[in-house]
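Have a look at the structure below, then the notes.
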Amino acid sequence: MAQRVCIIGGGVIGLATAYALVRDGFEVTVIEARDSLGVETSFANGGQLSYRYVAPLADAGVPLQALGWMLRGDSPLKLRPRLDPAQWRWMAAFLAACRTSVNRENAAHLLRLALLSQRTLKHWREDDGLSGFHWRRNGKLVTFRSAGSFAHARKGLADPQQQQVLSAAECAQLEPALADAAFVGAIYTPDEEVGDCHGFCQQLAARLRASGRCEFRLGQAVSGIRHSNGAVSAVELGSDVLPVEQLVIAAGHRSPLLALPGLHLPLYPLKGYSLTVPIGAEHRAPDVSITDYDRKIVYARIGEQLRVAAMVDIVGFDPAVDPQRLALIKRQARDTFPDAGNYDAAVEWAGMRPATPTGVPLLGATAYRNLWLNLGHGALGFTLACGSGQLLSELIGQQRTSIDLHGFNPRAA
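Letter by letter, the sequence shown follows residues 1 to 413 in UniProt numbering.
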């Protein structure tokens, strides 16, 4: 009889983990507190599958840069200090990680996982026929407004064999929507991809239901995890108790609420915002994905919509949409791509990215012998989901993992 794995969390990380497990012959139960799947951080994220741009936010110079940002009205970062020990612990650990050597090491870990994720999604699309989420390999341009930031980027290419340095004229030739934009140049990566993360979640859920090996418990919040003798034994769903053989926590920024004795989860939510802008026949939206490096805004065409995403707000567990932040994104998007879509009809959204101070997710075994973590992917959840799910399945199945897991061990967090 196949072993059953229980997963707490029905976002892109939990669903990708469930899909990988079912493909490998496991029985799975997915528990999701909301009444539907993929409706929190996975719902309207940036849409870019950006496999080679995975450097952590924590880096040398970032604290000083952040101070400068916070003095500006159009800052991409907003900090609201709170009487919250978790926030201060997270920020202290973040500052400790803001060193060049640490950033390079963590970026190498993330790149290794990202490239596995790209290969895994390729297998799922080609071997399983997984589709229906507006996936495209459209390439990505990281554009620069400042000659200084452009020069710095040219020196630190993540993958020089796959990345090209383009002048402003070459950018406009590649992507005509950039013809009038105020950029001095860009780094182009031809094999980056794009997709609808929420649509991807729905496609995974449909495949899981059709498999006959996955049960969904929707609208049921976990109120406790029972444990004894170094193992977890059951999850409490209100008055209901669900026994577990193997348990995966993939509940995003809510995961610390489920923490067990001796299990430290250094997560904090970084709020981000997005606009989903309808594209009509009269509009001229970029087809290549764009990251405006200096303004920290990403643009991704998803079907007949342009997704515009930005901002890092460290404001606690407050999911409310801030009208001023969204107005800033819309103003800057109009300034860059005035004819890209119907901005007046844009759908506004905010989501809470579950981030570790180092930017590296917690992935793997814990001190409890049947408890596993798959969380803390920050802004890279969609990008890293398939590879993370595959690794969890390999670990639970006691197989050799596809990549070296050095750097991801939750026990070292």
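Here a beta-carbon is modelled for each residue, glycine too, at the ideal position from N, C-alpha and C.
Local conformation of residue i per DSSP, three classes
i	result
D322	coil
V53	The question names Val, but residue 53 is Tyr in the sequence shown. It is coil, neither helix nor strand.
N106	helix
E282	coil
F43	coil
P410	helix
T336	helix
G351	strand
F329	Per the sequence presented here, residue 329 reads as Ile, with Phe not at that position. Three-state result, I329: helix.
Q203	helix
Q118	helix
R137	coil
R254	helix
L263	coil
A58	coil
E193	strand
L111	helix
R301	strand
L242	strand
S211	helix
D74	coil
D127	helix
Reference residue i; option with closest CA among the options
i	options	result
T226	R99, E245, R209 and F317	Sequence check: residue 226 is Arg here, not Thr. For the residues R99, E245, R209 and F317, the minimum Cα distance to R226 belongs to E245.
R82	F317, F382, V277 and D35	F317
A169	F183, Q162 and P160	F183
G73	G376, V360, A327 and G378	A327
P261	Y293, T17, F200 and A367	A367
A251	D313, L373 and A172	L373
S223	G14, L375 and E236	E236
P357	G272, D240, L130 and I314	I314
T291	V22, G38, V360 and C171	C171
A320	Q203, G272, L64 and G139	G272
T29	W88, D294 and A18	A18
S239	I302, Q220, V165 and R254	Q220
D196	Q161, G280, A181 and R301	R301
D24	S211, V277 and A151	S211
V241	G230, R254, R217 and N229	R217
Residue i - containing alpha helix (DSSP H), residue span
i	result
I396	G381 to I396
C171	A168 to L174
P85	P85 to A96
F150	A147 to K155
A66	V62 to M70
Beta-bridge pairing of residue i - partner residues as DSSP gives them
i	result
G224	E236
C6	T29 and L247
G341	Per DSSP, none; premise fails for G341.
I314	L79
N374	L363
I187	V142 and V165
K296	Paired residues: none, contrary to the question.
S274	A309 and W349
P269	P354
A231	S228
Q48	V194
Integer Cβ distance of residue i from residue j, believed to fall under 8 Å
i	j	result
A97	V54	In fact, because the Cβ distance is near 15 Å, the residues do not count as touching under 8 Å.
S265	I8	The residue asked about is misnamed: residue 265 is Leu in this sequence, not Ser. Incorrect: roughly 12 Å between the Cβ atoms, too far for contact.
S402	L116	5 Å
L267	P256	6 Å
E175	S50	The pair is not a contact, with the Cβ atoms about 16 Å apart (cut-off 8 Å).
V298	A333	Actually they are not in contact, since the Cβ atoms of V298 and A333 sit about 11 Å apart, beyond 8 Å.
C201	S42	5 Å
T143	R52	Actually they are not in contact, since the Cβ atoms of T143 and R52 sit about 16 Å apart, beyond 8 Å.
A179	L141	With a Cβ gap of about 13 Å, A179 and L141 do not count as contacting.
L21	V5	5 Å
L306	G341	5 Å
L391	K330	Contact flag wrong, Cβ pair sits at about 38 Å.
D339	H283	6 Å
L95	P56	Rounded, the Cβ-Cβ distance is 13 Å, inconsistent with contact.
Enclosing beta strand (DSSP E) for residue i [first to last residue]
i	result
V22	V22 -> not in any beta strand (DSSP E); alpha helix (DSSP H) instead, spanning V12 to R23.
S289	S289 to D292
R99	First-last for R99: undefined, no H or E at that position.
K140	K140 to F144
L218	C214 to L218
A179	Segment: none, A179 is in no beta strand (DSSP E) and carries neither H nor E.
Test: residue i CB closer than 8 Å to a CB of chain D
i	result
L373	Considering every chain present, this structure includes no chain D. It has just one protein chain.
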